[in-house]
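**Q** Quick note: the sequence shown uses the UniProt record's numbering, first residue 1, plus one each step.
Every residue, glycine too, gets a C-beta built ideally from N, C-alpha and C.
None of the values given here were measured: they were computed from a predicted structure.
One structure coming up, written as structure tokens, with questions to follow.
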Amino acid sequence: MSKVIGLTGGIATGKSTVAELLKAHGFKIVDADVASRKAVEKGSEGLSQVRAEFGEEAIDDNGEMNRHYIGQQVFYDDVKREKLNAIIHPIVRTLMEKERDQYLAEGYDVVMDIPLLYENGLENTVDEVWLVYTSPSIQIDRLMERNQLSIEDAKARIYSQISIDKKSRMADVVIDNFGTKLELKQNLEEVLAEKGYLKSVE
Numbered sequence: 001m002s003k004v005i006g007l008t009g010g011i012a013t014g015k016s017t018v019a020e021l022l023k024a025h026g027f028k029i030v031d032a033d034v035a036s037r038k039a040v041e042k043g044s045e046g047l048s049q050v051r052a053e054f055g056e057e058a059i060d061d062n063g064e065m066n067r068h069y070i071g072q073q074v075f076y077d078d079v080k081r082e083k084l085n086a087i088i089h090p091i092v093r094t095l096m097e098k099e100r101d102q103y104l105a106e107g108y109d110v111v112m113d114i115p116l117l118y119e120n121g122l123e124n125t126v127d128e129v130w131l132v133y134t135s136p137s138i139q140i141d142r143l144m145e146r147n148q149l150s151i152e153d154a155k156a157r158i159y160s161q162i163s164i165d166k167k168s169r170m171a172d173v174v175i176d177n178f179g180t181k182l183e184l185k186q187n188l189e190e191v192l193a194e195k196g197y198l199k200s201v202e
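Next comes the structure, spelled out in structure tokens:
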């Protein structure tokens, strides 16, 4: 029986790395970020709804969504953000469910890679939640380095999500990412062995 695993974490906890490692172990990855981009791609129904709601400035010269403009519109305005989410979320969910069901029909175990799984109340749509965990201080350091952010901006982004400690108490499986990429790989393989996805840990 194929399983659906919800993979989540916080900003800069290493979730994308874990998704890549799981892919190498034969899991099929359904990525919420990819579906979000597809939902408003050039010529899509989603994009025309964004234009109707946010005006012509929402579309850039290439006929794609003007992410900078939309970001400015929704970042500080809850009402506008909810309007954008009301357009994008149903399309994203439909795209992801279609992809998931196709993989399940083919007999694969599926990983739903959803950064805001808990924030959007999606934990009941998967069989298990696997969380990639590191400390908030490591998150801040990694995010500052990766996105060239000030410490204030890094903290603002991290604190806009449910805390990683709270998420870790809610998850079925917690994958430790305090160390190197090799240590993360070993930690994940221990989880896979424990869950019966690996015959033995190398």
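Is the closest heavy atom of the ligand FMN to the C-beta of G107 under 7 Å?
**A** No copy of the ligand FMN occurs in the structure displayed, which carries no ligand at all.
**Q** Confirm, please, whether the CB-CB distance from T17 to K195 is below 8 Å.
**A** Counting from 1 along the sequence shown, the entry for residue 195 is found at position 195. Counting from 1 along the sequence shown, the entry for residue 17 is found at position 17. Against a cut-off of 8 Å, the Cβ pair of T17 and K195 comes out as no contact.
**Q** Over the uninterrupted alpha helix (DSSP H) stretch that includes I5, give me the two end residues.
**A** Position 5 of the sequence shown, counted from the first residue, corresponds to residue 5. I5 -> not in any alpha helix (DSSP H); beta strand (DSSP E) instead, spanning 4 to 8.
**Q** Just the C-alpha distance for R169 and G9, rounded to the nearest angstrom, thanks.
**A** Stepping through the sequence shown from its first residue, residue 169 is reached at position 169. Stepping through the sequence shown from its first residue, residue 9 is reached at position 9. So the alpha carbons of these two residues sit roughly 12 Å apart.
**Q** Under 8 Å: do the region 82 to 96 and the region 26 to 35 share three or more Cβ pairs, one atom per stretch?
**A** yes
**Q** Are the Cβ atoms of V110 and R100 separated by less than 8 Å?
**A** Counting from 1 along the sequence shown, the entry for residue 110 is found at position 110. Counting from 1 along the sequence shown, the entry for residue 100 is found at position 100. Yes, they are a contact pair.
**Q** Rounded to the nearest angstrom, what separates L104 and E152 at their Cα positions?
**A** By 1-based counting over the sequence shown, the position of residue 104 is 104. By 1-based counting over the sequence shown, the position of residue 152 is 152. Each residue's alpha carbon lies about 43 Å from the other.
**Q** Going by Cα to Cα distance, which pick from Y133, L184, L192 is closest to E174?
**A** Residue mapping note: residue 174 aligns to position 174 of the sequence shown, counting from 1. Looking at the sequence shown, residue 174 is not Glu but Val. Of the listed residues, the one whose Cα sits closest to V174 is Y133.
**Q** Out of curiosity, what's the CA-to-CA distance linking R157 and Y108?
**A** Residue numbering aside, residue 157 sits at position 157 when the sequence shown is read from its first letter. Residue numbering aside, residue 108 sits at position 108 when the sequence shown is read from its first letter. Approximately 34 Å, taken between the alpha carbons.
**Q** Starting from the Cα of A154, find the closest Cα among E190, S2, Q139 and give me that residue.
**A** Numbered from its first residue, the sequence shown carries residue 154 at position 154. When only C-alpha atoms are compared, the closest one is Q139.
**Q** Going by Cα to Cα distance, which pick from K3, Y197, L21 is closest to E183?
**A** As a first step, residue 183 is located in the sequence shown; it is residue number 183 there, counting from the start. For E183, the nearest C-alpha among the options comes from L21.
**Q** Using the three-state DSSP reduction, which class does L184 fall into: helix, strand or coil?
**A** Position 184 of the sequence shown, counting from 1, holds the residue named residue 184. Here L184 sits in helix by DSSP.
**Q** Please report how far the alpha carbon of V30 lies from the alpha carbon of S2, in whole angstroms.
**A** Within the sequence shown, residue 30 is the residue found at index 30, counting from 1. Within the sequence shown, residue 2 is the residue found at index 2, counting from 1. C-alpha separation (whole angstroms): 14 Å.
**Q** So, is P115 buried or exposed, given that buried needs 16 or more other C-beta atoms within 10 angstroms?
**A** Here residue 115 refers to the residue found at position 115 of the sequence shown. So P115 counts as buried.
**Q** Does Y76 come out as helix, strand or coil in the three-state DSSP assignment?
**A** Position 76 of the sequence shown holds residue 76. In the structure shown, Y76 sits in coil (DSSP, three-state: anything other than H, G, I, E or B).
**Q** For E202, which residues in the same chain have their Cβ closer than 6 Å to its Cβ, ignoring the five residues on either side in sequence?
**A** Walking along the sequence shown from the start, residue 202 turns up at place 202. Confidence at E202 is low in this model, with a pLDDT of 42, below 50, so its placement is unreliable and the value that follows should be read with caution. Excluding sequence neighbours, E202 sits near nothing in its chain.
**Q** For F27, I'd like the list of residues in its chain whose CB is within less than 6 Å of its CB, leaving aside the five on either flank, ordered along the chain.
**A** For the purposes of this step, residue 27 is taken as residue 27 along the sequence shown, with counting starting at 1. Same-chain partners within the cutoff: D109, V111.
**Q** Checking 8 Å against the spacing of the C-beta atoms, do K15 and D113 come in under that value?
**A** In the sequence shown, counting from the first residue as 1, residue 15 sits at position 15. In the sequence shown, counting from the first residue as 1, residue 113 sits at position 113. Yes, the pair counts as a contact, with Cβ atoms nearer than the cut-off.
**Q** List, from N- to C-terminal side, the alpha helix (DSSP H) runs of 4 residues or more that fit wholly inside the region 29 to 67.
**A** 32 to 39, 45 to 54
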